[in-house]
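Student: Input: one structure, supplied below.
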Amino acid sequence: MLFPLSLSSPLTPSTVKIERENLKQFELENFSRYSIFELIENRCDFYDSLLIQLWQEIGLSEQQGISLIAVGGYGRREMFPLSDLDFLILVEQIPSPEIEEKITQFIQFLWDCGFEVGNSVRTLEQCESEGKQDITIATNLLEARFLTGNRPHFDALNELVKRADFWSKEDFFNAKVQEQIERYQRYHNTAYNLEPDIKYSPGGLRDLHLLYWVALRHSGALTLEAILQSGFIYPQEYQQLQESRAFLFKVRFALHLILKRYDNRLLFDRQIKVSELLGFRGEGNQAVEKMMKCFFQALHRISLISNLLIQHYRENVLSSNQDTVIDQLDDDFQLINQSLCLRNSLVFQEKPARILDIFFYLTQYEQADIHSDTLRQLQISLEQLPQKLCEIPEAREKFLRLFNQPNAIKRAFMPMHQYGVLTAYLPQWQAIEGLMQFDLFHIYTVDEHTLRVMLKLESFLSQESAEEHPIAHRIFSQLSDRSLLYIAALFHDIAKGRGGDHAELGVEDVADFAQLHGLDRREIDTLAWLVKSHLLMSITAQRRDIHDPEV
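Shown next, in the form of structure tokens:
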């Protein structure tokens, strides 16, 4: 241990509180000296030693039919400065009044020390019945870690939770994925909220946990290393997840060090302190901007890879007995059970312009998605691209074609951003990915805001908008070519973060784009005017009376 527990018997709440403060001070002073995994491991060992010593002092170790078992984050050994102490006291039978009194003393002592305790006392039979009824309890039991007591009894619990009649792999998978769907909806299906939750936002630690849980239920693999060894993830996916996990761990650990009460929300005022603790430097907002850009990139990688792997599990494990329906789309693509698939795994490497066609087909087949194997090939191909896609003439034609397809923004451009294709296409896009906006008018990063503006434009085509926004609906629906408005929206904030007037710089970018893509002078001038004037339009819409003839 980096900071071993050094408390003499008998333990008292006051001495434990002092030792906890000493541990926190040690972590603050050595935050940059040790790896985040060492700090988390050390804190977990500290808690293990404390609980085992307390268990012995109260006299529970003298009882044969009782065990202390870590569950939840504590079971996973993911302990941060403000994490709850979650544990199960496993008993062979309903405790006698004497044992019950000792258990009460054990738990009360921890409360008196200032710990947030999540505890339960159950027999093996109660674990089974309650676990079958509650997916959260079942998940906690899957992550159970023995601390002290009756080891054979704990082993029996492990055997219980592995049984198919406890939770089948398919039922467990579906229940956990449904939890994720509901969680994503609470956060508007985006990781790019400017005040994200490290644990629950899309791409946060819960997405990693979902991956662990599915792998654990399927094969018993709990760690990323074990999942890699099982062959379920590629080495490059493992490396990206490991790096992203380490960064989120550092941010969460630092956040807990500066807070007094448990919270995982990275609010604006906290971002400054956390960025300082992580060693980010710069003038004005630069330190926070750098940290948050790294943070959003980590969220994006975790969300992308974990969801890809969850999809891979559904397609290749749970659906292995499903009847196969194949529709050949062209020489390179096919639909297999409504999933877009490559007919040759080297298509994207040999013909990179065809990357854009996968998104064209998404607009043509409303119920289709992209098969996980194809997504993996896409990621490999993007990493190996020798040039930006926009430098390929055939790709430019395909890119422009997308704007006038049905549901182009929702079905093509949103997924293109999600899978990294916009970055591979537009040279300027990477600079605004995960870029903060320090004002009162935006709640998303620049890239997310840009896509949502485009999505809002597209919404004017819907029947709902005919009632809510009749003028916009009528005008936008009658346009024979909506690509200019979409392109202007795509470029209106693309120069943010570079210094200078982003509208003026954006004019240069959109003009270069238009010339490269063969647009005529009228179209170039229209795009330049739209991008240059977008701030005036915003001010006019928000602060002026648009029904005033002079306006």
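Taking full-length UniProt numbering, the leading residue of the sequence shown gets 1, the next gets one more, and so forth. All C-beta atoms in this analysis are idealised placements derived from N, C-alpha and C, irrespective of residue type, glycine included. Keep in mind that this is a model prediction, so the values were computed, not measured.
1. Going by Cα to Cα distance, which pick from Y74, I358, Q364 is closest to H371?
2. Between which two residues does the beta strand (DSSP E) containing N119 stretch?
3. Measuring CA to CA, which of P81, Y200, G75, G72 is closest to residue 553?
4. Distance, Cα to Cα, M416 vs R43?
5. Touch check for the region 426-445 and the region 494-510: three-plus C-beta pairs under 8 Å?
6. How should R281 be labelled, buried or exposed, when 16 other C-beta atoms within 10 angstroms of its C-beta is the threshold for buried?
7. DSSP state of I370, grouped into three classes?
8. With distances taken between CB atoms, is the gap from L335 to D327 smaller than 7 Å?
9. Could you pull out every residue in the same chain whose Cβ sits closer than 8 Å to the Cβ of R252, ignoring the five residues on either side in sequence?
10. Counting only the same chain and skipping the five closest in sequence on each side, list residues whose C-beta sits under 8 Å from that of V453.
11. Since D332 and L342 are thought to touch, with beta carbons under 8 Å apart, how far apart are those beta carbons, to the nearest angstrom?
12. Does the beta-carbon of E170, which I'm using as the reference point, lie nearer than 6 Å to any heavy atom of the ligand ZN?
13. Following the continuous alpha helix (DSSP H) through R343, name the residue where it begins and the one where it ends.
14. Ignore the nearest five residues each way along the sequence and tell me which others in F268's own chain have a CB closer than 7 Å to its CB.
15. In three-state terms, what does DSSP make of D86?
16. Going by CA-CA distance only, name the one from N193, L216, Y187, L485 that's closest to A408.
17. Please name the residue in S129, G420, L211 whose C-alpha comes closest to that of S381.
18. Please state whether DSSP places residue 560 in a helix, a strand or coil.
19. Can you name, in chain order, every residue of its own chain whose Cβ lies under 7 Å from the Cβ of I233, other than the five neighbours on each side?
20. Runs of 4 residues minimum, wholly inside the region 7-34: which ones carry the alpha helix (DSSP H) assignment?
21. Starting from the Cα of N404, find the closest Cα among V507, S483, M436, R270 and give me that residue.
22. To the nearest angstrom, how far is it from the Cα of Y238 to the Cα of R245?
23. Distance, Cα to Cα, V510 vs L527?
24. What are the boundary residues of the beta strand (DSSP E) that includes I94?
25. Within the same chain, show all residues whose beta-carbon is closer than 6 Å to that of A472, passing over the 5 residues directly before and after it, in chain order.
26. Does I233 come out as helix, strand or coil in the three-state DSSP assignment?
27. Using DSSP bridges, identify the partner residues of S67.
28. DSSP three-state call for F280: helix, strand or coil?
29. Taking all protein chains shown into account, decide if F106 is buried (16 or more other Cβ within 10 angstroms of its Cβ) or exposed.
30. Can you tell me the Cβ-Cβ gap for E143 and R76, rounded? I've got them flagged as a contact below 8 Å.
31. Rounded to whole angstroms, what's the CA-CA distance from T374 to S345? Just pull it up for me.
32. When you compare the CB positions of L224 and L241, do they come within less than 7 Å of one another, or not?
33. Please report the straight-line C-alpha distance between K250 and H209, rounded to a whole angstrom.
34. If you follow the beta strand (DSSP E) that D327 is in, where does it begin and where does it stop?
35. Between which two residues does the beta strand (DSSP E) carrying L335 extend?
36. Quick one: what does DSSP say Y444 is sitting in, helix, strand or coil?
Tutor: Based on what the coordinates show:
1. Relative to H371, the option among Y74, I358, Q364 whose CA is nearest is I358.
2. Per DSSP, the unbroken beta strand (DSSP E) holding N119 starts and ends at 117-123.
3. With the chain represented from 1 up to 551, any question about residue 553 goes unanswered, as that position is not in the structure.
4. Cα to Cα, the separation comes out at about 41 Å.
5. Segment contact: the region 426-445 against the region 494-510, three or more CB-CB distances shorter than 8 Å; contact assigned.
6. Taking a 10 Å sphere around the C-beta of R281, we find fewer than 16 other C-beta atoms and assign the residue as exposed.
7. Three-state DSSP puts I370 in a strand.
8. Yes.
9. Listed in chain order, the non-local C-beta contacts of R252 below 8 Å within the same chain comprise F80, I198, K199, L205, N264, local neighbours out to five positions each way being set aside.
10. Excluding sequence neighbours, V453 sits near A489, H492.
11. So it is a contact: roughly 7 Å between Cβ atoms.
12. For the structure depicted, the ligand ZN is absent and the ligand set is empty, with no information on it obtainable.
13. Run containing R343: none; DSSP gives neither H nor E here.
14. Hits under 7 Å: E195.
15. In this structure, D86 counts as strand in the three-state DSSP scheme.
16. Nearest C-alpha to A408: L485.
17. Closest by alpha carbon: G420.
18. The structure shown has nothing for residue 560, since the chain only spans 1 to 551.
19. Within the same chain, and ignoring the five residues on either side of I233 in sequence, the residues whose Cβ sits closer than 7 Å to its Cβ are I227, L309.
20. Inside the region 7-34, DSSP marks whole alpha helix (DSSP H) runs of 4 or more residues at positions 13-29, from first to last along the chain.
21. Here the closest residue by C-alpha is S483.
22. Each residue's Cα considered, the two are about 10 Å apart.
23. Approximately 7 Å, taken between the alpha carbons.
24. No beta strand (DSSP E) holds I94; DSSP gives it neither H nor E.
25. Taken in chain order, the residues that qualify are F460.
26. Three-state result, I233: coil.
27. BP columns for S67 point to L90, G149.
28. Here F280 sits in coil by DSSP.
29. Burial call: buried.
30. Rounded, the Cβ-Cβ distance is 6 Å, consistent with contact.
31. C-alpha of T374 to C-alpha of S345: approximately 8 Å in a straight line.
32. For L224 and L241, yes; Cβs fall inside 7 Å.
33. One C-alpha to the other measures close to 17 Å.
34. It spans 326-328 - the beta strand (DSSP E) in which D327 sits, taken as one unbroken run.
35. For L335, the enclosing beta strand (DSSP E) covers residues 333-336.
36. Correct three-state label for Y444: strand.
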